[in-house]
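Position one of the sequence shown corresponds to residue 0 (numbering that gives the first Met the number 0), numbered consecutively onward. Encoded as structure tokens, the structure appears first; notes follow it.
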Amino acid sequence: MTPPPLSLAELPTLDLSDPALWQDIHRPLAAAREQSTVVATRDGLPTVLRHAEVEAVLKDPRFVAADLFAMSGITSGPVWEWWQRVMFSQDPPAHTRIRSLVSRAFTPRAVEARRPAIRARADEILLPALEGGALDAQGDLGHRLPLMVVSDLLGVPDEDREVFGEWTKTLGLAFLSIADVQVRALVAEALASLDAYVGGLIADRRRRPGDDMLSRLIEAEEEGDRLSPEELVALVENLLFAGHDTTRGALAAMVVLFAEHPDQYRLVVDDPSLVPGAVEEVIRHEAITFGTARLASTDCEVGGVAVPAGTPVSLCLTSACRDPRRYPDPDRFDVRRDDARSPAFGAGIHYCLGAALAKAELEEALSVLVERAPTLDLPGEARWVPFASIRCFEPPVEVVLGTPG
Ligand code: HEM
0 MTPPPLSLAE LPTLDLSDPA LWQDIHRPLA AAREQSTVVA TRDGLPTVLR
50 HAEVEAVLKD PRFVAADLFA MSGITSGPVW EWWQRVMFSQ DPPAHTRIRS
100 LVSRAFTPRA VEARRPAIRA RADEILLPAL EGGALDAQGD LGHRLPLMVV
150 SDLLGVPDED REVFGEWTKT LGLAFLSIAD VQVRALVAEA LASLDAYVGG
200 LIADRRRRPG DDMLSRLIEA EEEGDRLSPE ELVALVENLL FAGHDTTRGA
250 LAAMVVLFAE HPDQYRLVVD DPSLVPGAVE EVIRHEAITF GTARLASTDC
300 EVGGVAVPAG TPVSLCLTSA CRDPRRYPDP DRFDVRRDDA RSPAFGAGIH
350 YCLGAALAKA ELEEALSVLV ERAPTLDLPG EARWVPFASI RCFEPPVEVV
400 LGTPG
């Protein structure tokens, strides 16, 4: 006989409030995952840890977009309004409409066409670093490459890139401390600047369409339907915001992982055809987006736990990507792993729109490194810290790049 579902009150607690735990977050996650499919965080949020159940919730239409801001008691103001407009916050049919209008600009084919430009940007960052013999994995490669790539996509001129990057970085703070009034004021200010800038960019591209994604988004039309000017601004801001800290973390993690695993780096140096599989494994092994959330729209059951309608549920992607039920020997970093596909980019209708683009950035950066640096060395320690729901390194991590011969 199947046991009756557990109630939320019966869940074991997972307390990750000690920053020291984040240095090797996989350890407490593994212990909790073996104990239970679903745990409760310190503030009582049910959190799904196992691969099958995380994917099932993400693909289940009964679980709808969760209002992260409302969960922190914020239900009005410019930051809240902005969050309502981004794609993560929308459910069908509004989400389906926007997604079908924009997805053609992000198909693997559209991304392939950008590869030479991405490679040129990776060269621009990495060739001087190779010359100098060292790389700041996060502050230089991680920060600059995604910003350059997305700016090129949208046609942001080089001289505007950094200030534009500052505004999008400030948007990320919204998730660090949503409830902090000062932070919210900063975020609102950055949003206003970004709104004005993006609005100007769109107006310019309407007058002079070019060969960039923004022009394609302006033209994007399906069955007579188009993006409204407000939707277009929100979408561009969504791309900037969603594509920066995530890709920055993944690029930095990639360089650090290879420096920590010289045998795996050697394999890719000797056989660059391993690059795409190696990138897939990097993305799985250090799933940089710790988690996301959904709201149960009706009474549901997840992993033997009763989840009443109206309950927000957190999905821990970092844990799902190391679940031994799905990945043999999950803690091993193995560039030749058979099937490293993972929910690190989410699953279901909100699956990362920029996944192909992010992978292309990692692949091009790794290709430059394996072609020119026979070894990578980590002279110090790389310290992981939580940053909102995206992990990153602090302080900066310097990696020594070997020279051929
Ligand atoms: C390694 C880098 C990246 C990671 C790990 C990542 C991760 C994710 C995840 C987990 C989701 C799903 C969130 C959810 O279901 O709640 C997502 C959605 C999204 N991502 Fe990414 N992302 C990355 C890079 C990018 C890039 C480069 C862009 C665009 C330039 C981008 C744009 C988006 C957008 C627009 C969504 C929302 C899609 C929707 O709601 O339908 N991401 N991403």
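Note that beta-carbon positions come from the ideal geometry of N, C-alpha and C, so glycine has one too.
* DSSP three-state assignment for Ala339, whether helix, strand or coil -> By one-based count along the sequence shown, residue 339 stands at place 340. The answer is coil: DSSP assigns Ala339 none of H, G, I, E or B.
* Asked: Can you tell which of Ala55, His50 and Gly242 has the C-alpha that lies nearest to the C-alpha of Cys299?
  -> Position 300 of the sequence shown, counting from 1, holds the residue named residue 299. Of the listed residues, the one whose Cα sits closest to Cys299 is Ala55.
* Asked: How would you write the range of the beta strand (DSSP E) that Ile201 sits in, first residue to last?
  -> Counting from 1 along the sequence shown, the entry for residue 201 is found at position 202. First-last for Ile201: Val180 to Arg206, but that is the alpha helix (DSSP H), not the beta strand (DSSP E).
* Through-space distance from Leu273 to Ser71, alpha-carbon basis -> Walking along the sequence shown from the start, residue 71 turns up at place 72. Walking along the sequence shown from the start, residue 273 turns up at place 274. Spanning the two alpha carbons is a distance of roughly 44 Å.
* **Where the alpha helix (DSSP H) through Val255 begins and ends** => On the sequence shown, position 256 is the one that residue 255 refers to. That run of the alpha helix (DSSP H) goes Pro228 to Glu259.
* Minimum C-alpha distance to Lys168 - residue among Met147, Glu158 and His142 -> Here residue 168 refers to the residue found at position 169 when the sequence shown is read from its first residue. It is His142.
* Asked: Quick one: does the C-beta of Ile282 sit closer than 7 Å to a heavy atom of ligand 1?
  -> Start at 1 with the first residue of the sequence shown, and residue 282 comes out as number 283. Ile282 Cβ: within cutoff of ligand 1.
* Asked: From Pro307 to Val149, what does the alpha carbon distance come to, in whole angstroms?
  -> In the sequence shown, counting from the first residue as 1, residue 307 sits at position 308. In the sequence shown, counting from the first residue as 1, residue 149 sits at position 150. Cα-Cα distance, rounded: 40 Å.
* **Reference Ala277, options Ala364, Thr297 and Arg96, closest by Cα** => Within the sequence shown, the letter at position 278 stands for residue 277. The option with the nearest alpha carbon to Ala277 is Ala364.
* Asked: What is the DSSP secondary structure of Phe392, counted as helix, strand or coil?
  -> Sequence index remark: in the sequence shown, residue 392 carries index 393 (1-based). If DSSP states are grouped into helix, strand and coil, Phe392 belongs with the strands.
* Any heavy atom of ligand 1 within a distance shorter than 7 Å of the CB on Val149? -> Start at 1 with the first residue of the sequence shown, and residue 149 comes out as number 150. Yes; taking the cut-off as 7 Å, the Cβ of Val149 has a heavy atom of ligand 1 nearer than that.
* Which listed residue (Gly164, Leu140 and Leu356) has its alpha carbon closest to that of Ala112 -> One-based indexing of the sequence shown puts residue 112 at position 113. Checking every option, the nearest Cα to that of Ala112 belongs to Leu356.
* the region 129-140 touching the region 153-171, judged by at least three CB pairs closer than 8 Å -> Under the three-pair Cβ rule at 8 Å, the region 129-140 does not count as touching the region 153-171.
* Of the residues Ala233, Val367 and Gly401, which one's Cα is nearest the Cα of Ile201? -> Looking up residue 201 in the sequence shown gives position 202. The residue with the shortest Cα to Cα distance from Ile201 is Ala233.
* Asked: For Pro91, is the beta carbon positioned less than 7 Å from some heavy atom of ligand 1?
  -> Translated into the one-based positions of the sequence shown, residue 91 becomes position 92. For Pro91, the distance from the CB to the nearest heavy atom of ligand 1 is not below 7 Å.
* Residues bridged to Gly290 (per DSSP) -> As a working note, residue 290 is residue 291 in the sequence shown. BP columns for Gly290 point to Cys315.
* To do: Starting from Phe344, follow the beta strand (DSSP E) in both directions and report where the run begins and ends.
  => Here residue 344 corresponds to residue number 345 of the sequence shown, with the count starting at 1. Where Phe344 is concerned, there is no enclosing beta strand (DSSP E), given that its DSSP letter is neither H nor E.
* **N-terminal and C-terminal residue of the alpha helix (DSSP H) that Phe68 is part of** => The count along the sequence shown starts at 1 and reaches residue 68 at position 69. Note, Phe68: alpha helix (DSSP H), Leu67 to Met70.
* Asked: For ligand 1, any of its heavy atoms closer than 7 Å to the Cβ of Pro145?
  -> Reading the sequence shown from its first residue, position 146 is the one you call residue 145. Yes - ligand 1 has a heavy atom lying nearer than 7 Å to the Cβ of Pro145.
* To do: Give the single residue among Val197, Asp376, Thr288 and Pro342 whose Cα lies nearest to the Cα of Glu406.
  => A query on residue 406 cannot be resolved here, the shown segment of the chain reaching from 0 to 404 and no further.
* Asked: Helix, strand or coil for Glu285 per DSSP?
  -> Working through the sequence shown from its first residue, we reach residue 285 at position 286. Assigned with DSSP and collapsed to three states, Glu285 falls in coil, not helix or strand.
* Rounded straight-line distance, which links the Cα of Pro77 to that of Glu449 -> Given that the chain is displayed from residue 0 to residue 404, the structure contains no residue 449 and the question cannot be resolved.
* Near ligand 1: Ile287 beta-carbon under 7 Å from a heavy atom -> Against the sequence shown, residue 287 aligns to sequence position 288. Checking every heavy atom of ligand 1 against the Cβ of Ile287, one is found closer than 7 Å.
* To do: Please look up how many angstroms separate the CB atoms of Thr246 and Glu360, rounded, as I've assumed it's under 8 Å.
  => For the purposes of this step, residue 246 is identified with residue 247 of the sequence shown, where counting begins at 1. For the purposes of this step, residue 360 is identified with residue 361 of the sequence shown, where counting begins at 1. With 8 Å as the limit, Thr246 and Glu360 qualify as a contact, their Cβ atoms being about 6 Å apart.
* Asked: When every heavy atom of ligand 3 is checked, does at least one fall within less than 7 Å of the C-beta of Gly345?
  -> With respect to ligand 3, the structure offers nothing, as its ligand set consists of ligand 1.
* Asked: Does the beta-carbon of Gly345 have 16 or more other beta-carbons within 10 angstroms, so that it is buried, or is it exposed?
  -> For this step, residue 345 is matched to residue 346 along the sequence shown. It is buried - the Cβ of Gly345 has at least 16 other Cβ atoms within 10 Å.
* Span of the alpha helix (DSSP H), counted from its first residue to its last, around Glu300 -> In the sequence shown, the residue the question calls residue 300 occupies position 301. It is not in any alpha helix (DSSP H) - Glu300 instead sits in the beta strand (DSSP E) that spans Cys299 to Val301.
* Asked: Do Phe289 and Arg390 come within 8 Å of each other at the CB atom, strictly closer than that value?
  -> Translated into the one-based positions of the sequence shown, residue 390 becomes position 391. Translated into the one-based positions of the sequence shown, residue 289 becomes position 290. Yes.
* Asked: By DSSP, does Pro107 sit in helix, in strand, or in coil?
  -> Within the sequence shown, numbered from 1, the residue matching residue 107 stands at position 108. The answer is helix: DSSP assigns Pro107 an H, G or I state.
* Specify, as a first and last residue, the run of the beta strand (DSSP E) that Leu100 falls within. => Locating residue 100 in the sequence shown gives position 101, counting from the first residue. First-last for Leu100: Ala93 to Val101, but that is the alpha helix (DSSP H), not the beta strand (DSSP E).
* **Presumed contact (8 Å Cβ cut-off) between Thr317 and Ile124, rounded CB distance** => In the sequence shown, the residue the question calls residue 317 occupies position 318. In the sequence shown, the residue the question calls residue 124 occupies position 125. Thr317 to Ile124, Cβ: 27 Å. No contact.
* Asked: So does Met86 have its beta carbon nearer than 7 Å to some heavy atom of ligand 1?
  -> Taking the first residue of the sequence shown as 1, we reach residue 86 at position 87. Under cutoff, so the answer is yes.
* Output yes or no for whether 8 Å exceeds the beta carbon distance between Thr40 and Arg49. => Position 41 of the sequence shown, counted from the first residue, corresponds to residue 40. Position 50 of the sequence shown, counted from the first residue, corresponds to residue 49. No.
* To do: Give the straight-line distance between the Cα atoms of Asp194 and Tyr326, rounded to the nearest whole angstrom.
  => Sequence index remark: in the sequence shown, residue 194 carries index 195 (1-based). Sequence index remark: in the sequence shown, residue 326 carries index 327 (1-based). A straight line joining the alpha-carbon of Asp194 with that of Tyr326 spans about 43 Å.
* To do: List the DSSP bridge partners of Arg143.
  => Start at 1 with the first residue of the sequence shown, and residue 143 comes out as number 144. None, per the DSSP bridge assignment.
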